[in-house]
Every structure is written in structure tokens, then in C-alpha cells.
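Quick notes on the structure that follows.
Protein chains: 2
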Amino acid sequence: MFIPDDVCDLVQIDLARVRALRAALTAPETVQTLADTFSVLGDPTRVRILDALSHGELCVCDLAAVLRLSQSAVSHQLRLLRGLRLVRPRRDGRVVFYSLDDQHIMAIFRQTLQHVEEDQSAKGATGARGAKGAEGRRR
Amino acid sequence: MFIPDDVCDLVQIDLARVRALRAALTAPETVQTLADTFSVLGDPTRVRILDALSHGELCVCDLAAVLRLSQSAVSHQLRLLRGLRLVRPRRDGRVVFYSLDDQHIMAIFRQTLQHVEEDQSAKGATGARGAKGAEGRRR
DNA sequence: TGAACATATGAGCAGTTGCTCATACGTTAC
DNA sequence: GTAACGTATGAGCAACTGCTCATATGTTCA
Chain A
0 MFIPDDVCDL
10 VQIDLARVRA
20 LRAALTAPET
30 VQTLADTFSV
40 LGDPTRVRIL
50 DALSHGELCV
60 CDLAAVLRLS
70 QSAVSHQLRL
80 LRGLRLVRPR
90 RDGRVVFYSL
100 DDQHIMAIFR
110 QTLQHVEEDQ
120 SAKGATGARG
130 AKGAEGRRR
Chain B
0 MFIPDDVCDL
10 VQIDLARVRA
20 LRAALTAPET
30 VQTLADTFSV
40 LGDPTRVRIL
50 DALSHGELCV
60 CDLAAVLRLS
70 QSAVSHQLRL
80 LRGLRLVRPR
90 RDGRVVFYSL
100 DDQHIMAIFR
110 QTLQHVEEDQ
120 SAKGATGARG
130 AKGAEGRRR
């Protein structure tokens, strides 16, 4: 679909500003990287894995036991988390222990929770159903 | 699928720890909320929208023009962002201006970029393809 | 009131995701 | 070597996502 510089013909539409803004936008690769990272964090199972690992390193099968997930499911998810260097493996014999690879993640979790909590207290719960199906996404 | 307390039968597997950890885990609703929020942030289009709005409020059609997206696409995404209170609408006649609803988001972006950058510098680029298809996801 | 316009939303489709199942890989013990 | 075991991974399927198209809603102005 073709989208011209000016989409609507209101006077208020600020064409100069539109063009200036385009130059000020974050680079596409950076945007993609941000989105990829958030995408990986945007799954309850992976959040739970990171949460569990925040208490210390765990082998795959203990992780599966803690979260009541299959070994395969955990392993698949760890692969993704490894890919973004959110977790780090350490082999000891046939057991592989995983730990958080980075302090930032927990800081990001904290900050995000702050956002959510500020929401609920400061603004009341009008239609706070979290858009994307905050409920009913588990299978 | 049934998943017992202990998945594997190695001696190293720490059953007591598994049980203790279960009690220490973050509450399911909190996990879901975190995941929902990250899920919304985990899309390039929405990241771009938030990035654009970080420079100041914009009406829907200017936003569409800046990002070269259809009005419909932008509106659908704004709906999601509104749902999680990441953006806030302000009506002025028939024009609706959107702005960031929260300072936290930009802080989260910054922190996440720090994580990514630390990756690339400190750890070299061995297999840094970001798992989930960092490239080739645009259509 | 009705035309024009900015925005919102429902339906539908192609692409993606997270799981399970089956199986391969890597290490240890015999 | 081979058996056992912890982990990793490919295929495949059901559910979900983000877009477009068509259309509804809400506001302004004549």
C-alpha cells in the first residue's frame, strides 16, 4: 500500500513536522532489536523461566520440575533465551545448568512492574483488560 | 502432560530446592501482566509508534504519515497501546492526538538497549542472531 | 439535516508461535 | 564398545498476530 507524506487534508496536519520527525526516528535495526528482545520477554513461560533463574542457577530438568513443564518445552525456550543472551549455560557432566546472563533483565522486570502498578493505582481500573487478551491466553 | 516433582533421577537434582523455589516464584497474574506488556512492546510497529510519540504528541494521521503505515494499521495498534496505558488519546474536534502515557516506557527502552549493547561489545558476535528471527521477519 | 473528514473497529487471511512427540546428541559408567 | 541418562532439536499442529479491506462512529461545517 502506498502512503503519501500527508495522509489527511486537515490544516492541522503538520507536514513539516512529519518530515522532521522521520529524520529523528530510531534506526530500523535498533527498533527491530528492541522488538525482538521484548518479543522474547513477552511470553509467560519465558518470564517464569527468568524469574526462576533469578533465584540462582538451575539445571534443565529442575527448571522443568519447578515450572511443571516438559523438558522439551523448557529446552526450546532456553534456546531462545540463549539466543538473546538472557541466560547462559554451564555444562557439568551431562547436566547443563542455566543462569541469568545479565543484570538488566531483572531491572527491566522491575521497571515494567512499576509501570503496571502505577497504572492500577493512579488511574483506576477502567477497562484495564490489557488489550491483547490479558486473560484467556493459556491453552 | 503429567510432570512429576522430579523429572530426572540424577542425585544432583535438588528436590527440596525445587519445592522451595515453587513457593518463591512470582504470582501467575504478575507473570501474565509482565508478559502481556512485553508482548505489546515486542512488535516493531508498536516500538516505532512509541518512539515517534516520545518526541511529542501526534494525531493518528500524522503518525501514519511519519511511519508510512495505513491509518487503519496505526489505529489498531494504538488500541493495543491504549489498552496497556502506554499511550493516551486527547480529542480535539475530529482529530485525536496521542501521547506517551508514562515515563517508564522510555526508561525500559533505554535499559533494554543497554542490555543489547553490552552483549555486542562484551561478548563478541558469536551467533548473535537473536534467536526468534532477528532478520527476515518483515513481510 | 447531510456531506466531509478523522478515527475506530470487525472480518478474514497469511505468517508466526509454543507446544508435543519422536529422535538425535553428548557425557558417564560399566 | 554399549547402555543409561540429561539435554537439544526437527516436524507438525492448533492458536494467535498484524495487516488490509470494508464499514461504522463521532465531529464539524454549510
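If you read the protein sequences in the order shown, they are chains A and B.
Numbering of the first sequence is given in numbering that gives the first Met the number 0, commencing with residue 0 and proceeding in unit increments.
Numbering of the second sequence is given in numbering that gives the first Met the number 0, commencing with residue 0 and proceeding in unit increments.
Glycine included, each C-beta is placed from N, C-alpha and C at the ideal position.
Burial state of residue 114(B) (16 or more Cβ within 10 Å) | By the neighbour-count rule (16 or more Cβ atoms within 10 Å), residue 114(B) is buried.
Beta carbon proximity, residue 40(B) to chain A, threshold 8 angstroms = Yes, contact with chain A.
How big is the Cα-Cα spacing for residue 95(A) and residue 111(A)?
-> Between the alpha carbons of residue 95(A) and residue 111(A) lies a gap of roughly 30 angstroms.
Assign residue 87(B) to one of three DSSP states: helix, strand, or coil.
-> Reduced to three states, the DSSP call for residue 87(B) is strand.
Determine which residues share a DSSP beta bridge with residue 57(A) and list them.
-> DSSP lists 97(A) as the bridge partner or partners of residue 57(A).
Mind the definition here: the stretch 96 to 110 of chain B touches the stretch 45 to 59 of chain B only if three or more C-beta pairs lie below 8 angstroms; say whether that holds.
-> Flag = yes, the stretch 96 to 110 of chain B and the stretch 45 to 59 of chain B touch.
Please list, in chain order, all residues of the same chain as residue 133(B) whose beta carbon is under 6 angstroms from its beta carbon, the five residues on each side excluded.
-> Summary for residue 133(B): the model assigns pLDDT 38, below 50, so the residue's position carries little reliability, and this model does not support an answer.
Starting from residue 47(B) and walking both ways along the alpha helix (DSSP H), at which residues does that stretch end?
-> Start and end: 43 to 52.
Local Cβ density within 10 Å of residue 76(A), reported as buried at 16 or more and exposed below that = Answer is buried; the Cβ neighbour count reaches 16.
Minimum C-alpha distance to residue 72(A) - residue among 27(A), 36(A) and 43(A) | Ranking 27(A), 36(A) and 43(A) by Cα distance to residue 72(A) puts 43(A) first.
By the criterion of Cβ-Cβ separation under 7 angstroms, what are the contact partners of residue 43(B) in chain A?
-> Within 7 angstroms Cβ-Cβ: 30, 31 and 34.
At a Cβ threshold of 8 angstroms, is residue 47(B) touching chain A?
-> So, interface residue.
Going by beta carbon distance, what residues of the same chain come within less than 6 angstroms of residue 18(B), once the five residues before and after it are set aside?
-> Here the set comprises nothing.
Please decide whether residue 99(B) counts as near chain A, where near means a Cβ-Cβ distance under 8 angstroms.
-> It does not; no Cβ of chain A falls within 8 angstroms.
Got a sec: is the Cβ-Cβ distance from residue 75(A) to anything in chain B below 8 angstroms?
-> Judged by the 8 angstroms Cβ criterion, residue 75(A) is not in contact with chain B.
Within 8 angstroms (strictly less), CB to CB, does residue 90(A) reach chain B?
-> No, no contact with chain B.
Answer yes or no: does any C-beta atom of chain B fall closer than 8 angstroms to that of residue 86(A)?
-> False, the Cβ-Cβ gap to chain B never drops below 8 angstroms.
Close beta carbons around residue 87(B), own chain, < 8 angstroms, minus the five adjacent residues each side | The residues are 81, 97, 98, 99 and 100.
By DSSP, does residue 35(B) sit in helix, in strand, or in coil?
-> Residue state for residue 35(B) is assigned as helix, using DSSP reduced to three classes.
Along the chain, where does the alpha helix (DSSP H) that runs through residue 74(A) open and close?
-> Residues 70 to 82.
Coil, strand or helix - residue 113(A) by DSSP = Residue 113(A) falls in the helix class under three-state DSSP.
Using a Cβ cut-off of 8 angstroms (strictly closer), state whether residue 95(A) contacts chain B.
-> Residue contact check for residue 95(A) against chain B: no CB pair falls below 8 angstroms.
By Cβ distance, which residues of its chain are closer than 7 angstroms to residue 104(A), with the 5 residues on each side in sequence left out?
-> Result list for residue 104(A): 49 and 85, in chain order.
Listing by chain order, which chain B residues have their CB less than 7 angstroms from the CB of residue 22(A)?
-> Residues of chain B passing the Cβ test: none, with the nearest at roughly 10 angstroms.
Taking residue 26(A) as the query, report the chain B residues whose CB atoms sit under 8 angstroms from its CB, ordered along the chain.
-> Near residue 26(A) there are no residues of chain B at all, since even the closest Cβ is about 10 angstroms away, more than 8 angstroms.
Taking residue 15(A) as the query, report the chain B residues whose CB atoms sit under 7 angstroms from its CB, ordered along the chain.
-> Against chain B, a Cβ distance below 7 angstroms from residue 15(A) picks out nothing, because the smallest value is about 11 angstroms.
Report yes if the CB atom of residue 41(A) is closer than 8 angstroms to the CB atom of residue 108(B), and no otherwise.
-> Going by C-beta atoms, residue 41(A) is not nearer than 8 angstroms to residue 108(B).
Nearest-angstrom beta carbon gap, residue 23(B) and residue 46(A) [assumed within contact, 8 angstroms] = In fact, because the Cβ distance is near 15 angstroms, the residues do not count as touching under 8 angstroms.
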